[in-house]
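The next block holds one structure in the form of C-alpha cells; read it before the comments.
There are 2 protein chains.
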Amino acid sequence: MTSPPLPAPPASLRELRPAVARECLRLESTLLRFGAARGQSLLLAVSGGGDSTALTVILALLAPRQDWRLHVCTVHHGLRAEADAECGQVQRLCAALHIPYHLRRAPVRELARAAGTGLEETARKARYALLEEVRQQTGCRWLLTGHQREDLCEDQLMRLLRGTGWPALGGMSDCDPERHLLRPLLHLSGKKLRQWLRDWGVPWSEDSSNDDPSFLRNRLRHTVLPLLEKENPAYGDSASRLRQLAQLDAAYWESTLDAALALTPWQQTEESITLPRALLRAHPAAVRLRLYLRALRCLSRRHGGQARAERLLALDAAWQEGRGNTRFQFPGGLVAVLRGGAVTFGEDGGA
Amino acid sequence: MTSPPLPAPPASLRELRPAVARECLRLESTLLRFGAARGQSLLLAVSGGGDSTALTVILALLAPRQDWRLHVCTVHHGLRAEADAECGQVQRLCAALHIPYHLRRAPVRELARAAGTGLEETARKARYALLEEVRQQTGCRWLLTGHQREDLCEDQLMRLLRGTGWPALGGMSDCDPERHLLRPLLHLSGKKLRQWLRDWGVPWSEDSSNDDPSFLRNRLRHTVLPLLEKENPAYGDSASRLRQLAQLDAAYWESTLDAALALTPWQQTEESITLPRALLRAHPAAVRLRLYLRALRCLSRRHGGQARAERLLALDAAWQEGRGNTRFQFPGGLVAVLRGGAVTFGEDGGA
Numbered sequence: 020m021t022s023p024p025l026p027a028p029p030a031s032l033r034e035l036r037p038a039v040a041r042e043c044l045r046l047e048s049t050l051l052r053f054g055a056a057r058g059q060s061l062l063l064a065v066s067g068g069g070d071s072t073a074l075t076v077i078l079a080l081l082a083p084r085q086d087w088r089l090h091v092c093t094v095h096h097g098l099r100a101e102a103d104a105e106c107g108q109v110q111r112l113c114a115a116l117h118i119p120y121h122l123r124r125a126p127v128r129e130l131a132r133a134a135g136t137g138l139e140e141t142a143r144k145a146r147y148a149l150l151e152e153v154r155q156q157t158g159c160r161w162l163l164t165g166h167q168r169e170d171l172c173e174d175q176l177m178r179l180l181r182g183t184g185w186p187a188l189g190g191m192s193d194c195d196p197e198r199h200l201l202r203p204l205l206h207l208s209g210k211k212l213r214q215w216l217r218d219w220g221v222p223w224s225e226d227s228s229n230d231d232p233s234f235l236r237n238r239l240r241h242t243v244l245p246l247l248e249k250e251n252p253a254y255g256d257s258a259s260r261l262r263q264l265a266q267l268d269a270a271y272w273e274s275t276l277d278a279a280l281a282l283t284p285w286q287q288t289e290e291s292i293t294l295p296r297a298l299l300r301a302h303p304a305a306v307r308l309r310l311y312l313r314a315l316r317c318l319s320r321r322h323g324g325q326a327r328a329e330r331l332l333a334l335d336a337a338w339q340e341g342r343g344n345t346r347f348q349f350p351g352g353l354v355a356v357l358r359g360g361a362v363t364f365g366e367d368g369g370a
Numbered sequence: 020m021t022s023p024p025l026p027a028p029p030a031s032l033r034e035l036r037p038a039v040a041r042e043c044l045r046l047e048s049t050l051l052r053f054g055a056a057r058g059q060s061l062l063l064a065v066s067g068g069g070d071s072t073a074l075t076v077i078l079a080l081l082a083p084r085q086d087w088r089l090h091v092c093t094v095h096h097g098l099r100a101e102a103d104a105e106c107g108q109v110q111r112l113c114a115a116l117h118i119p120y121h122l123r124r125a126p127v128r129e130l131a132r133a134a135g136t137g138l139e140e141t142a143r144k145a146r147y148a149l150l151e152e153v154r155q156q157t158g159c160r161w162l163l164t165g166h167q168r169e170d171l172c173e174d175q176l177m178r179l180l181r182g183t184g185w186p187a188l189g190g191m192s193d194c195d196p197e198r199h200l201l202r203p204l205l206h207l208s209g210k211k212l213r214q215w216l217r218d219w220g221v222p223w224s225e226d227s228s229n230d231d232p233s234f235l236r237n238r239l240r241h242t243v244l245p246l247l248e249k250e251n252p253a254y255g256d257s258a259s260r261l262r263q264l265a266q267l268d269a270a271y272w273e274s275t276l277d278a279a280l281a282l283t284p285w286q287q288t289e290e291s292i293t294l295p296r297a298l299l300r301a302h303p304a305a306v307r308l309r310l311y312l313r314a315l316r317c318l319s320r321r322h323g324g325q326a327r328a329e330r331l332l333a334l335d336a337a338w339q340e341g342r343g344n345t346r347f348q349f350p351g352g353l354v355a356v357l358r359g360g361a362v363t364f365g366e367d368g369g370a
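Those protein sequence lines, which keep their order, are chains A and B. Numbering of the first sequence is given in the numbering used here, commencing with residue 20 and proceeding in unit increments. Numbering of the second sequence is given in the numbering used here, commencing with residue 20 and proceeding in unit increments.
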C-alpha cells in the first residue's frame, strides 16, 4: 500500500467523469431527502478502507454545494498492527480536504475480556458508542457510514441464515433516524467505489481482517456471494431493491401497528406489556406476530436479545389454541405469559 | 440400483419406528387441515425418485385411516434412457400397494422445438397439464407432489437471485387451492425421506438430471446450499419458517387488497384494469405496489410473464411525481399508462 504524504483528490465535481458526477449528485439528493439539510454538520465514520475513504472524498465534493460542515472520526480498536498507519492516512486525507479529524481509541481486548463478549461484537458496540459521543461533541446532526452494496448482500444472507422474518430480512436501512445514522453508499458497489479512488489517485488501506475466515461475514463474502453473483451479475441490484421493498413494508407495518394499538391500546407498566384479548382477536396472524415483536422490542431496549420467528410462531399457535397459563421464554430474560386470551410480556419472574 | 420385482413396504403405521409414525400422523393432520377430507380421492405425482416414492408409501399407510382413494401418475418425458425402467419401478410399487397407476407421455423435445421454449420449462408445463388431466379423469380432489425442504430452499434462493419481492420470496406454498395442489412433504428433508425408504427396504431411482449442472436449480443445490447448511445446520428449518411467515403475509395481503378494492373499486374491462387516483392516493407505497401487481396478475392469466420489483418501483416513483402520459412496459406484452393520477394496465397498443 503506497501512501503519498498528501493525496490530491478531485477539488470539484467538474473534475469527475460525467457519469461519476451524476452518481455523486444522486447521492446528494438522497442525503437531502433523508433530512441532511443544507448547512447541517455531518460526522463521517472513516476507517481508512476503500468505502469510507470514497465517502470522505465524495462528501468533500458535495459539502460546499450544500454548506455541509464535515467532521471525520476514526475509531482505533487497538487490535491490528497496521491501525496506526491507517489512522495516519485518514488524517492526511482530512488535512488535504480541510476536514476536522477526530481520533478515538477503544480498548476492545480489555472490554471484551471484562464483558465476556466476542471481539467483533465488542468492537462494534464500542465503535458506535464513541462515534455517537463525537457526533454530540461536534454538534453533528447525522453520522454517515461507508456501508455499501456488498455489505448489504452479506447482511441479507446472514439474516436469511438466522431465519429473520420480513421486513427485517431486507437488511440494514440506509436511513435510521433513531440512531441519527445514514448509509448513503448502500446502493453502490464497493468495486465501483475503489475504481473511482484509483481514478482519482486517492490511496486507501484494505483492512486485513476483512479476509479473516473466522468471521461469518467474510466467509459469506468470499464463498456464497461470488456464486450468487456468477448466477446473476446484477445480484447486487436485486439485493438493493429487496432492501427498498423492505423499507417500504417496514414503514407500512409501523403505521399499521400504531393504528391497531390506537384502537385497542395495550397495557404498559414499567416492567411489562399486556396485549389484551380484544386487540389480538381483532387481527390476523401477520399482525399478531408483529405486535408480539413490537412488545418484545419495547422491553428489550433494556434487556437486549432478539426474538426468533420460531418462538413467535409457537407463541401464536398457543394463543390460537386458547391455552392458558403457558409461558414462552425469549432472549434477554423476557417471557410471554398467556392468560385469558391476553399475552403479557415481561421479565422472567416478574410477569 | 437394485429393483426387486415386488417391494414389500410397511403395511401399517405400527410397523414404523414411533418417531417416524408420529411424523406421518402430523402429515395426515396437515392434509386434513388443507382440505383433503376423509373419503376424497387423491392423485400422487410420482417420478420414482426418493421424494415421490416416500410420498407414495406414506400416503398408502394413511389412506385406510382416512378412507382416501389414491391414484398415482407418472409423466414420461421421453428425455432420459432410464425413464422406462423408472416407470416400471413405480408401477411395481403401486401394484404392491394396490394403487391404480397411470402413465402419461409428454413428447417434450418436440413440444420444446415447436414452442421455442427450454426443455426444463416445457417439461414442467407439459407435466402439470397432463397431471391436471389425469386428476380430472380420475375424479381426484387434489394433486399431491413430493416437493420437500431442499426443493423449497432452492426455490427461495432462485427467487432471491431474481429479485422477487415479499411474500413471494418465501417460496412455493404447501397448499395451492387454485391449482388443486398440495405439497405435504415441504417441511421434511429429502435426506430423512431417503433414510426412511432405506429402513423400509423400498427402492427408488435417483434422477440423473438432478446432478446436471446446466440447470440453475442443481448448481444452487450442489454449491450454495451446502455452504449455507455448513454455516447453519438448521438452515432448512429457517427456510421452512420463512415460507410459513410468507404464507401468513400472503393471506394478510390478499384480504387487505380485497378490502382496499371494496372501498374504492377498480375499473375492469375485458382488456384493461384502471386503478383510479382516489384508490392509489388512499394507500402507502407498500399497498400501491401490491395493487399494481394484482392488476398485472389478473391480466397476465391470459398473457403470462412476471413483473419485476424494479419496474413496479419505477412505476410508483413516476406516479408519486404525478407524471402524466407515461408508459411502462411489463412482461407478457402488458403496459401501464399513467394519466391524471390513475394507472391503467392493459395490452400494449390496447390501453
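Backbone N, C-alpha and C define an ideal beta-carbon position, used for all residues, glycine too.
Under the Cβ criterion of 8 Å, A:G184 is counted among the residues facing chain B.
Chain-ordered, the chain B residues with CB closer than 8 Å to the CB of A:V243 read V243, L246, L247. B:R57 has a beta carbon lying at 8 Å or more from every beta carbon in chain A. When 9 Å is used as the limit between beta carbons, A:Q263 is near these residues of chain B: A328, L332, in chain order. The beta carbon of A:Y147 sits no closer than 8 Å to any beta carbon of chain B.
Here B:R240 has E169, E173 as same chain residues with Cβ atoms under 7 Å from its own Cβ, once five neighbours each way along the sequence are excluded. Counting along the chain, A:I77 sits inside the alpha helix (DSSP H) bounded by residues 69–85. Short of 6 Å from the beta carbon of A:L116, and not among the five residues preceding or following it, lie these beta carbons of its own chain, in chain order: A79.
Those residues of the segment 334–352 of chain A placed with their C-beta closer than 8 Å to a C-beta in chain B do not exist. For B:N229, the closest Cβ of chain A is not nearer than 8 Å.
Within 10 angstroms of the beta-carbon of A:D70 lie 16 or more other beta-carbons, which makes it buried. Within the segment 291–315 of chain A, the residues whose Cβ lies closer than 8 Å to some Cβ of chain B are P303, A304, A305, V306, L308, listed in chain order. Contact annotation: B:L267 and A:A305 have beta-carbon atoms nearer than 8 Å.
Judged by DSSP in its simplified three-state form, A:T363 adopts strand.
Annotation for A:C92: no alpha helix (DSSP H) segment contains it, though the beta strand (DSSP E) segment containing it runs 88–95.
Here A:L205 carries a coil assignment [DSSP, helix/strand/coil].
With respect to A:A56, A:C92 sits apart: the two C-beta atoms are not nearer than 8 Å. Taking A:H96 as the centre and dropping the five residues before and after it, the same chain places the C-beta of A125, V127, A142 closer than 6 Å to its C-beta, in chain order. At a cut-off of 8 Å between C-beta atoms, B:D268 counts as an interface residue with respect to chain A.
At a C-beta separation below 7 Å, B:R52 has no neighbours in chain A, since its nearest C-beta there lies roughly 12 Å away.
Annotated as distal: B:G67 and B:S228, with beta-carbon spacing of 8 Å or more.
In this chain, B:W285 is not harboured by any alpha helix (DSSP H), its DSSP state being neither H nor E. Nearest CB-CB separation between A:E139 and chain B: not below the 8 Å threshold. Collapsing the DSSP output to three states places B:L267 in a helix.
When DSSP states are grouped into helix, strand and coil, B:S259 belongs to the helix group.
Under a 10 Å Cβ-count criterion, A:G54 is classified as exposed, with fewer than 16 other Cβ atoms of the shown protein chains found around its own Cβ. As for any beta strand (DSSP E) of minimum length 3 sitting wholly inside the segment 40–71 of chain B, the runs are 60–64, ordered along the chain.
Note: A:T293 is bridge-paired with A:Q286, A:T363 in the DSSP secondary-structure output. In this chain, the beta strand (DSSP E) harbouring B:R358 covers 353–358. One alpha carbon belongs to A:P252, the other to B:A355, and they sit about 28 Å apart.
In this structure A:L298 does not touch A:A269 by the C-beta definition: roughly 21 Å separates them, more than the 8 Å allowed.
For A:W185, the three-state secondary structure derived from DSSP is coil.
Close to B:E250, with beta-carbon spacing below 8 Å, are these residues of chain A in chain order: L180, L235, R238, L239. Note that the segment 327–337 of chain A touches the segment 181–191 of chain A; at least 3 beta-carbon pairs, one per stretch, sit closer than 8 Å. Within the segment 94–155 of chain B, the complete alpha helix (DSSP H) segments at least 4 residues long are 102–116, 127–134, listed from N- to C-terminus. When DSSP states are grouped into helix, strand and coil, B:W223 belongs to the coil group.
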